[in-house]
Amino acid sequence: MAQPRYDFAAAVMADGRVLVAGGYTTGDVALASAEIYDPRTGEFSTTGQMSTVRVGAIATPLAGGRVVMFGGLPNQSSAEIYDPAIGAFMTVGNMTIKRDGFNATLLVDGRVLITGGTRNGSAETYDSTTGKFTRTGSMVDWRDNATATLLLGGEVLIAGGDRGNSGPNQVMLSSAELFEPKTGKFSRTGSLVVKRTQHTATALRDGRVLVVGGYDVAAGVLDSAEIYDPTTGRFTLIASTVRGRVEHTATLLKDGRVLVAGGMDATAELFDPVAGKFSPTGSMTFVRSSAQAMLLQDGRVLVVGGYNDSGDLASAELFWP
């Protein structure tokens, strides 16, 4: 990349290129810059800047090839859209409240569900056809650093997270809930077996959801994993990961396996949903925490940015399944 980044936003666009924007760079300097990775050339190139610096924002691809960028630090309620046809961002109004540590999930009907964040349980939807944000039902539990996963039936599973505090008094959550787009309401579902925050949740091909790793103030970095079955509404513990992981990535591959990489070290592993087990695979070139991993159209996985004990990373690497 043109500069090191972590806590940035990234999304694969309809044309197969990858948009990378915002985050922190060396010295914890917040960025408004953006760049594009082209898998045909293997190169990054700079593109138009965002209207403001954003750290921990979320980039969500929209129908038609554009990407909408929501929130982030410092105290952002604003949103903007990147148009790859002109290589520029355009502001599109504000969320109903400022958000960081939140989730944004593209719904089947094309709206984007925006949930939670630091010390709030509110939710809203963004409609790109009207450019409007609309409050919807509040979550059952307010939560930071949770996961939000679109299910095959169109509902969104929101699981785990924390209460937005830190230190030894940090409160972790095991609860989970479902958002129903037709009613705009949240309802409880089965709880995680293990309390966790900063974990990953990946929708599998068969409709189940794989939850991996994360952190609990009592147990530390977690090597546990569990599966959510939407037909029963329950989470079940499965075989543990090869390593404990937090601030890692999890990417669904085209063959249905899940690549889990980084966090505390450079190692990576593959989850086989048929066998229900994790197995080691080739390690990354660098230790990466808070990186981004994206499935490219040709089946490769692009892993980019992040940080480690040596500093912030501008490098990127590719995983071949």
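For what it's worth, our numbering labels the leading residue of the sequence shown as 7, then goes sequentially. Glycine is no exception: its CB is placed at the ideal position from the N, C-alpha and C atoms. Only a predicted model underlies this, so the values are computations on that prediction, with no experimental measurement involved.
For the region 102–139, the continuous beta strand (DSSP E) assignments of 3+ residues that do not extend past its boundaries occur at 109–112, 118–121, 129–133, in sequence order.
Take the alpha-carbon of Ala267 and the one of Met290: they are about 8 Å apart. With contacts defined as CB atoms closer than 8 Å, Thr47 and Gly317 fail to qualify as a contacting pair. Straight-line spacing of the CA atoms in Arg23 and Tyr43 works out to 6 Å. With contact defined as three or more Cβ pairs closer than 8 Å, the region 198–213 and the region 154–165 are in contact. Ranking Met96, Thr66, Val98 by CA distance to the CA of Ala110 puts Thr66 first. In the three-state scheme derived from DSSP, where H, G and I count as helix and E and B as strand, Asn175 is classed as helix. In the DSSP annotation of this structure, Arg214 is not part of any beta strand (DSSP E), being labelled neither H nor E.
A residue is called buried once 16 or more other Cβ atoms fall within 10 Å of its Cβ, and Leu198 is buried on that count. If you check the CB distance, Thr203 and Asn126 do not come in under 8 Å. In the DSSP assignment, Val248 falls outside any beta strand (DSSP E) and carries neither an H nor an E. Buried is the label assigned to Pro10, since at least 16 other Cβ atoms lie within 10 Å of its Cβ. Per the coordinates, the alpha-carbon of Gly219 lies some 28 Å from the alpha-carbon of Lys104. Put simply, of Thr142, Met178, Ser230, Glu232 the residue whose alpha carbon is nearest the alpha carbon of Lys188 is Thr142. Look at Ser285 here: in three-state DSSP terms it is strand.
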